[in-house]
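Student:
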Amino acid sequence: MTSATTSTANRTYRVRTYGCQMNVHDSERLAGLLEDAGYSAAPEGSDADVVVLNTCAVRENADNKLYGNLGHLRPVKDAHPGMQIAVGGCLAQKDRASIVARAPWVDVVFGTHNVGSLPALLERARHNAEAQVEIKEALEVFPSSLPARRDSAYSGWVSISVGCNNTCTFCIVPSLRGKEADRRPGDVLAEVQALVDQGVLEVTLLGQNVNAYGADLGERGAFADLLRATGAVEGLERVRFTSPHPRDFTDDVIAAMAETPAVCHQLHMPLQSGSDDVLRRMRRSYRRDRYLGIIDRVRAAMPDAAITTDIIVGFPGETEQDFADTLDVVAQARFSSAFTFQYSKRPGTPAAEMDGQLPKEVVQERYLRLTALQEEISWAVNRALVGRTVELLMAAGEGSKDADRGRMSGRARDGRLVHVAAVPGLRPGDVVETVITDAKPHFLVADGPLLSHRRTRAGDASEAGVRPTTRGVGLGMPSIGVPAPLPLAPACG
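Heads up: the sequence shown begins at -13 in the working numbering, then just goes up one per residue.
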């Protein structure tokens, strides 16, 4: 046992996560690093010896949320001698030492490029009795080479790239996450295999711009090849990916989705706006006709595909006609659901300095019109599924009212949330078939008897409270132009 491990023996931790899926996955890495260093997860309802806030700089009021939470933690720390508070993630990368200046009771600040430094920084802060702020300007090691404690026994994130090469005018992520760097395909598949070996049934391939995968490796078509290869891993039942960019969405990806049985017929592809003028000011390198063309080709290949999106309302300079163009695209695309956002300034982004910032009341009124239209579409699309048989991977914590209503929830292969009647022996991670009996805009209901119930290793692990761990896969950053060989799955028509 190392001296660092000895000094952390019996110390507990809790990681609080804010923001996107990338942050959720980073938090799994943080938990793995802390457990590797000798910490243990704090029991629910207890105060942890180390609290890590993994922050987001994209969501509205991110700063206020961070400092509000830090304010709540101050009296807890005062009453708990030896407690440490660490702040990481995108907001830490942006604000750096100013976090300690505003909240001097913070012990450690680390950024998006040096996640692996957290245990050492905590130890140094304890030893030196002063705050440690360490922000790197470039990635030190690929995060997937770090240990991870997974949150789910049945579904796992697998990062295939980090960073982003786009320059969208509303987004601060590229300046905080850096340029895109791709993992070797062999390393990705090794991590997938490690998860499947522990009973995981579903993986989501993760990247800031996931379908640009391969550009850093000099390999055209690498993402479609990776989808096929991932889908060929024996024992893996579901493959998803998020989030793709319309600019990089190619027909070989559509073919891989349609022809690889394990790849789910689900696509989340951000639209952001239906106006070509707004897309141009956003510096989004596609236009509405290209976007709608992709949707048409996806549905031609996979008529059952569920397509979701992101939309920003009230971007600087957006006219009533621009907004009408967005409503028109939404009506044509008939998304299963949409994450809709009212534009708000992000300091450090070009859009924050643009002319034509819209009054809050204008943005709010347009937002309500958009959400009303999408709600109507979502409900109509879901009602068409009543009477259909679906396969569900049962999940934990998906339905907020499950316990009150005697239900459990699962995800269909297309990603839709379905509530079923809880029955004895049904566990998160098990796979069932059932018939949809009712539909709401945001979920489906299957109140009838289950048609089938398959108990799985993932269900066994969920029941036992066991979660997968990965020790880190790969040797760090890929070498440009020297990708590992990629085994290909045969196409299935």
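A virtual CB, placed ideally from N, CA and C, is assigned to each residue, including glycine.
It should be emphasised that the depicted structure is a prediction, and the values quoted were computed from it without experimental measurement.
1. Hey, out of Ala34, Val95, Ala28 and Thr41, whose CA is closest to Ser13's CA?
2. With a cut-off of 8 Å, do at least 3 Cβ pairs link the stretch 182 to 193 to the stretch 271 to 279?
3. Under the assumption that Ala382 contacts Arg397 (Cβ atoms under 8 Å), give the Cβ distance between them as a whole number of angstroms.
4. Considering Cα atoms alone, identify which of Thr375, Glu384 and Ala287 is closest to Ser438.
5. Let me check understanding here. Comparing Cα to Cα, which of Ile158, Gly142 and Trp143 lies closest to Gly149?
6. Hey, would you say Leu39 sits closer than 9 Å to Tyr(-1), going by beta carbons?
7. Mind pulling the beta strand (DSSP E) runs of 3 or more residues that sit fully within the stretch 252 to 321?
8. Between the C-alpha atoms of Ile121 and Val219, what's the straight-line distance to the nearest angstrom?
9. Counting pairs of Cβ atoms below 8 Å between the stretch 421 to 430 and the stretch 170 to 185, do you hit three or more?
10. Does Gln184 come out as helix, strand or coil in the three-state DSSP assignment?
11. Am I right that Val372 and His405 are in contact with their C-beta atoms under 8 Å? What's the rounded C-beta distance?
12. Would you tell me roughly how many angstroms separate the C-alpha atoms of Asn47 and Leu403, rounded to the nearest one?
13. Using the rule of at least 16 other Cβ atoms within 10 Å of the residue's Cβ for burial, across every protein chain shown, is Gly207 buried or exposed?
14. Note down the Cα distance separating Leu354 from Ala292, rounded to an integer number of angstroms.
15. Taking the C-alpha atoms as reference points, what is the distance between Ser259 and Val37?
16. Alpha helix (DSSP H) containing Val349: first to last residue?
17. For the candidate residues Ser322, Ala408, Ser103 and Gly57, whose alpha-carbon lies nearest to that of Gly392?
18. Do you know how far the Cα of Ser138 is from the Cα of Val10?
19. Rounded to whole angstroms, what's the CA-CA distance from Phe301 to Ala358? Just pull it up for me.
20. Do Val44 and Glu223 count as a contact pair if the criterion is CB distance below 9 Å?
21. Jot down the residue ranges of each uninterrupted beta strand (DSSP E) in the stretch 127 to 157, minimum 3 residues, whole runs only, in chain order.
22. Taking the DSSP output, what are the residues bridged to Glu377?
23. Going by CA-CA distance only, name the one from Glu116, Ile146 and Ser141 that's closest to Thr455.
Tutor: On the basis of the supplied data:
1. As a position in the sequence shown, residue 13 is number 27, starting the count at 1. Out of Ala34, Val95, Ala28 and Thr41, Thr41 has the C-alpha closest to the C-alpha of Ser13.
2. As far as the Cβ criterion goes, the stretch 182 to 193 does not touch the stretch 271 to 279, which means the pair count is below three.
3. As a working mapping, residue 382 is identified with position 396 in the sequence shown. As a working mapping, residue 397 is identified with position 411 in the sequence shown. Their Cβ separation, rounded to whole angstroms, is 11 Å, which puts Ala382 and Arg397 out of contact at 8 Å.
4. Position 452 of the sequence shown, counting from 1, holds the residue named residue 438. Measuring from the Cα of Ser438, the nearest candidate turns out to be Thr375.
5. Within the sequence shown, residue 149 is the residue found at index 163, counting from 1. Minimum Cα-Cα distance from Gly149 among the listed residues Ile158, Gly142 and Trp143 corresponds to Ile158.
6. Within the sequence shown, the letter at position 53 stands for residue 39. Within the sequence shown, the letter at position 13 stands for residue -1. Taking a C-beta distance under 9 Å as the contact criterion, Leu39 and Tyr(-1) do not qualify as a contact pair.
7. DSSP runs (the beta strand (DSSP E)) wholly in the stretch 252 to 321: 252 to 254 and 292 to 299.
8. In the sequence shown, the residue the question calls residue 121 occupies position 135. In the sequence shown, the residue the question calls residue 219 occupies position 233. Near 37 Å, if we compare the C-alpha coordinates of Val219 and Ile121.
9. No, the stretch 421 to 430 is not in contact with the stretch 170 to 185.
10. Along the sequence shown, read from residue 1 onward, the residue named residue 184 stands at position 198. In the three-state reduction of the DSSP assignment, Gln184 falls in the coil class, being assigned neither a helical nor a strand state.
11. Reading the sequence shown from its first residue, position 386 is the one you call residue 372. Reading the sequence shown from its first residue, position 419 is the one you call residue 405. Contact flag wrong, Cβ pair sits at about 14 Å.
12. Along the sequence shown, one-based indexing puts residue 47 at 61. Along the sequence shown, one-based indexing puts residue 403 at 417. Rounded to whole angstroms, Asn47 to Leu403 spans 28 Å at the Cα level.
13. By 1-based counting over the sequence shown, the position of residue 207 is 221. Exposure of Gly207 is indicated by the presence of fewer than 16 other C-beta atoms within 10 angstroms of its C-beta.
14. For the purposes of this step, residue 354 is taken as residue 368 along the sequence shown, with counting starting at 1. For the purposes of this step, residue 292 is taken as residue 306 along the sequence shown, with counting starting at 1. Cα to Cα, the separation comes out at about 23 Å.
15. Against the sequence shown, residue 259 aligns to sequence position 273. Against the sequence shown, residue 37 aligns to sequence position 51. If you take the alpha carbons of Ser259 and Val37, they lie about 38 Å apart.
16. Mapped onto the sequence shown, residue 349 falls at position 363. Residue range Lys346 to Arg369 is occupied by the alpha helix (DSSP H) that includes Val349.
17. One-based indexing of the sequence shown puts residue 392 at position 406. Of the candidates Ser322, Ala408, Ser103 and Gly57, the one whose C-alpha sits nearest the C-alpha of Gly392 is Ala408.
18. Against the sequence shown, residue 10 aligns to sequence position 24. Against the sequence shown, residue 138 aligns to sequence position 152. Computed Cα separation, rounded: 12 Å.
19. Along the sequence shown, read from residue 1 onward, the residue named residue 301 stands at position 315. Along the sequence shown, read from residue 1 onward, the residue named residue 358 stands at position 372. Whole-angstrom Cα-Cα distance: 19 Å.
20. Within the sequence shown, numbered from 1, the residue matching residue 223 stands at position 237. Within the sequence shown, numbered from 1, the residue matching residue 44 stands at position 58. 9 Å or more divides the Cβ of Glu223 from the Cβ of Val44.
21. Correct list: 141 to 145.
22. By one-based count along the sequence shown, residue 377 stands at place 391. In DSSP, Glu377 forms a bridge with Glu419.
23. The residue given as residue 455 occupies position 469 in the sequence shown. When only C-alpha atoms are compared, the closest one is Ser141.
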